[in-house]
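What follows is a single structure, written as structure tokens, with notes after it.
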């Protein structure tokens, strides 16, 4: 696969910088890369998964906000939900702009993502907080890892959407305070964090197994510059390490 | 009550224009008006009611989005919810900026607004659409009516927040199509619209009866320039007429 060291003129700020920082060269812009129908199909899958991920995150955060003990807490989670919806809109509009049907692009990911949320419905407010903080971050890490291998336009979009997360930071102080009050809470939430990671991996595997275009993008294929298996291993190591650090920030063993 | 015909220098665009258009002169800016503690208390009540109204609207629209038959419909209602959250944030930040405790300001309105939503939980997607369209508009009409009597800064904030509604327009085509398919739906939804209006009035009366500061602002008192009773009657007529027109736009008798 041909690579291009020079950032093209239409690449904007952050995306290019981050890609360069992680040592990946530009593979060109969307117009160039999407001429390959396999590449196009893979990116539409990725954007569809991301878009429905944001829409379902909106729905679940809004639902979990009901568990909040007070108005400020409720508003904090509602604010995260509203931010996820703005991301959904960006991704939806991008799919429409490249002549894809957003609903069709999202459809394959509805069931796996709904299943993830069904399996990880928080039993109380603290579980909801941990899920908001940890779940959001795992997804964000994953998409950032993938983004640096994409064409400049898609990469900028994905990194831009992901840069705007981090609304969940308010969760840290709340969870730490709850554990301080009752250390047994820490054991329960540590288990919960492991379950979140496990369910996320399990649904991700299911998606990769079912979607050839997407798995080509991740694992590599003839058509697109994917990860080789060593790189996939390293990527999952990085994501797991970041997860461990976040659990520690919450005062939880991972 | 003293009035000031000249718009003060810090009044921005729209607010002043609308107030002038409806024949109300400026009563001064927030700094001037809020020196009167009764005025200040009334406006904090109003902003608190409005803020919790937006937060609970977010919550209910997000909830009702679950009834959507498809992803695009779900996203349309979720988009309304996200917009309501942005309004909540503006109102919350305004309360904090004038040294009020947003949570305390909202508290008196939690129970009446929750009761409204409890009494008007949609049984299906079409009821949810009618509620989104009609409920949003009744609230918006009411606050616009009140806004023109407020100090310039509060008026600009309230009119600005309300100007950004109208996300519910997508409901019109959907409801009309459903009635065309099955005319009996029209009868049921017409009853539903009347019930929404009835519950809204009933909870509004309860709030006015319980909150002296707010009722002074509406009905008039020694301290603030309220409506006299003739004006209150006219105001409710205007709101009811607008409701009738909106129901007609949906193809429903009101």
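Protein chains in written order, with this note's numbering: chain A, 95 to 348; chain B, 95 to 348. Even for Gly, the Cβ is constructed at its ideal location relative to N, Cα and C. From a predicted model like this one, the values you see are computed outputs, not experimental measurements.
| Query | Result |
| --- | --- |
| Quick check on residue 128 (chain B): does DSSP put it in helix, strand or coil? | coil |
| Say whether chain A places a C-beta atom closer than 7 angstroms to the C-beta of residue 166 (chain B). | yes |
| Since residue 145 (chain B) contacts residue 199 (chain B) with CB under 8 angstroms, what's their CB separation in whole angstroms? | 7 angstroms |
| Please state whether DSSP places residue 199 (chain B) in a helix, a strand or coil. | helix |
| By the three-class DSSP mapping on this structure, what secondary structure does residue 150 (chain B) have? | helix |
| Quick check: is the beta carbon of residue 291 (chain B) nearer than 7 angstroms to any beta carbon in chain A? | no |
| Beta carbon of residue 305 (chain B), beta carbon of residue 139 (chain B): below 7 angstroms? | yes |
| In whole angstroms, what separates the C-alpha of residue 112 (chain A) from that of residue 171 (chain A)? | Any answer about residue 112 (chain A) is weak, because its pLDDT of 37 lies below 50 and its placement is not dependable; what the coordinates show is given next. Taking the straight line joining both Cα atoms gives about 29 angstroms. |
| Check whether chain B comes within 7 angstroms of residue 200 (chain A), counting only Cβ atoms and requiring the distance to be less than that. | yes |
| Tell me which same chain residues have a C-beta within less than 8 angstroms of the C-beta of residue 214 (chain A), skipping the five on either side of it? | 225, 229, 289, 290 and 293 |
| Buried or exposed for residue 339 (chain A), going by 16 or more other Cβ atoms inside 10 Å? | exposed |
| For residue 181 (chain B), which residues from the same chain have a beta carbon less than 6 angstroms from its beta carbon, with the 5 sequence-adjacent residues on both sides left out? | 148 and 255 |
| Run the CB neighbour count on residue 125 (chain B), radius 10 Å, all protein chains shown included, and call it buried at 16 or more, exposed below. | exposed |
| Indicate whether residue 265 (chain B) and residue 223 (chain B) have their beta-carbon atoms separated by less than 7 angstroms. | yes |
| So residue 326 (chain A) packs on residue 312 (chain A), CB below 8 angstroms; how close in whole Å? | 7 angstroms |
| Would you mind telling me which residues of chain B sit closer than 8 angstroms to residue 160 (chain A), beta carbon to beta carbon, in chain order? | 153 |
| Can you pull the chain A residues whose beta carbon is under 7 angstroms from the beta carbon of residue 217 (chain B), in chain order? | Result: empty, since nearest Cβ-Cβ is about 19 angstroms, beyond 7 angstroms. |
| Here's a check: name, in chain order, each residue in its chain whose Cβ is nearer than 6 angstroms to the Cβ of residue 252 (chain A), leaving out the five neighbours to either side. | 237 and 241 |
| For the structure I just gave you, are there three or more beta carbon pairs, one from the stretch 192 to 211 of chain B and one from the stretch 265 to 276 of chain B, closer than 8 angstroms? | no |
| What residue from A:207, A:185 and A:154 has the CA that sits closest to residue 297 (chain A)'s CA? | A:207 |
| Given residue 286 (chain B), which residues of its chain have a CB within under 7 angstroms of its CB, disregarding the five upstream and five downstream residues? | 221 and 224 |
| Restricting to Cα atoms, I'd like to know which of A:154, A:141, A:193 and A:212 is closest to residue 184 (chain A). | A:141 |
| Let's test the definition: count the other Cβ atoms within 10 Å of the Cβ of residue 267 (chain A) and tell me whether it reaches 16, buried, or not, exposed. | exposed |
| I need the DSSP call for residue 336 (chain A), collapsed to helix, strand or coil. | helix |
| Short of 7 angstroms in beta carbon distance, which residues of its chain neighbour residue 136 (chain A), apart from the five on each side in sequence? Order them along the chain. | 307, 308, 310, 311 and 318 |
| Rounded to the nearest angstrom, what separates residue 341 (chain B) and residue 346 (chain A) at their Cα positions? | 54 angstroms |
| Can you tell me which of the three DSSP states residue 309 (chain A) falls into? | helix |
| For residue 271 (chain B), would you say it is in contact with chain A, using Cβ-to-Cβ distances shorter than 7 angstroms as the test? | no |
| Output the distance between the C-alpha atoms of residue 163 (chain B) and residue 169 (chain B), rounded to the nearest integer angstrom. | 11 angstroms |
| Taking residue 235 (chain B) as the reference, which of B:186, B:332 and B:158 has the closest Cα? | B:332 |
| Which residues, in order along the stretch 125 to 156 of chain A, keep a beta-carbon less than 8 angstroms from a beta-carbon of chain B? | 146, 149, 152, 153 and 156 |
| Assuming residue 152 (chain B) and residue 179 (chain B) are in contact, meaning their beta carbons sit under 8 angstroms apart, how far apart are those beta carbons, in whole angstroms? | 5 angstroms |
| I'd like to know whether the C-beta atoms of residue 165 (chain A) and residue 197 (chain B) end up nearer to each other than 7 angstroms. | yes |
| With a threshold of 6 angstroms on Cβ separation, who are the neighbours of residue 336 (chain A) within its own chain once the five nearest residues in sequence on each side are excluded? | 235 |
| Using a beta-carbon distance below 7 angstroms, is residue 214 (chain A) in contact with chain B? | no |
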